[in-house]
Each structure stands twice: as structure tokens, then as C-alpha cells.
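Mapping the sequence shown onto the UniProt record's numbering, position 81 (from 1) lands on 81, and the numbers just tick up by one.
Here's the structure, in C-alpha cells; my notes come after.
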Amino acid sequence: MTGGYTFVGGGSTNLIALGTVDGKTFFADDTIGVWAISVKFCADRGMRIAAITSKAQWDLLLAAYDALKFTADHWIAARDSHKSRQFTWDGLTSQPNQTYGVWTNEHKINYQTCACINPDPIHRAIHFDLCTNVHRTLCETK
């Protein structure tokens with residue numbers, strides 16, 4: 001049990017509790033993998049891949065930035081809905097709200113894309129990347 005939560009599947013010594021807002025707690029892990037592996041990683045620990053569904057959650061994650069513990073790209077639950085530039089939250093019925101945060105598509109990728117959050121003050125954004133690229137993982141409690 002870590003921070004009041006039991007993690008199924010052995011847990012990870014790399015999980016970093018980032019904080020709680022809107023009834024869910026966010027955890028970062030620095031193990032890298034493709035998006036589908038990140039989804040499984042969170043599920044194996046009794047959580048789900050993070051969906052940033054409010055400005056309060058966005059603000060919490062930016063405030064949690066730590067150059068040693070929570071930096072660089074972390075996969076989140078947004079993925080394409082097989083229509084150019086349209087995303088859904090994996091496991092939820094809602095679509096991402098782009099009224100908070102900075103959303104970028106620097107690589108001009110239209111399909112087979114998933115989203116990452118980068119909390120680093122220099123690169124602070126949610127951006128799109130191929131789901132087959134590797135990044136760290138951001139989980140949330142269910």
C-alpha cells in the first residue's frame with residue numbers, strides 16, 4: 001500500500017505521487033513505453049492512464065513539476081478517434097477540453113496519435129505524438 005492506495009501487480013518503486021484534486025490522485029512513473037503499455041501499466045496497478053479533465057487538474061500537474069522526479073513527456077489518456085485532429089479520453093465518454101492548457105501538434109501528425117503532457121516550464125504543453133513512440137506514464141486513481 002502506498003499513500004493509502006493498494007497497487008495490484010507488484011507496484012512500482014518508481015511511482016511518484018503528484019497530488020490530489022477533483023477526487024483523483026495523480027502518479028507519475030519514469031519507466032518508458034509505448035502508449036498501450038502505459039495504459040496497461042496503470043491498469044495493472046489498479047489505476048487508469050490520466051485524463052486531465054479540468055483546469056484544476058492541469059494546474060496541479062504544472063505545480064508538481066520537479067526537475068528530478070516529474071519532467072519530460074508523460075503519456076495521458078487522450079488518443080485520436082480515427083478522425084483527423086479529433087481526440088477522446090480513453091475509457092471516458094468525454095472529449096478533451098482545449099480551453100485550458102497548451103495543446104500542440106509540432107510534428108503535424110493526423111492519425112495514430114496519442115497525447116503526452118510535459119510539465120517542464122520551457123516545454124509546458126499537451127502535445128500529440130505517434131502512439132508507438134516511447135514516453136513516461138501518468139496514472140490516476142479510479
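No residue lacks a Cβ here, since even glycine has one placed at the ideal position from N, Cα and C.
Go ahead and pull the three-state DSSP assignment for residue i.
i    : result
A28  : strand
L138 : strand
A72  : coil
D59  : helix
T53  : coil
Between which two residues does the alpha helix (DSSP H) holding residue i run?
i   : result
A36 : 35-44
Determine the direct distance from the alpha carbon of residue j to that of residue i, and round the result to whole angstroms.
i    : j   : result
P119 : H74 : 9 Å
A115 : A72 : 13 Å
V39  : A77 : 8 Å
T31  : D59 : 24 Å
T132 : A28 : 19 Å
Could you please give the first and the last residue of the uninterrupted beta strand (DSSP E) stretch that includes residue i?
i    : result
L130 : 125-130
Indicate, with yes or no, if the ligand COA has a heavy atom lying under 7 Å from the CB of residue i.
i    : result
T113 : You won't find the ligand COA in this model; it holds no ligand whatsoever.
> Does the region 116-128 come close enough to the region 49-69 to have 3 or more Cβ pairs within less than 8 Å?
Replying inline: Between the region 116-128 and the region 49-69 there are three or more C-beta pairs closer than 8 Å, enough to call the two in contact.
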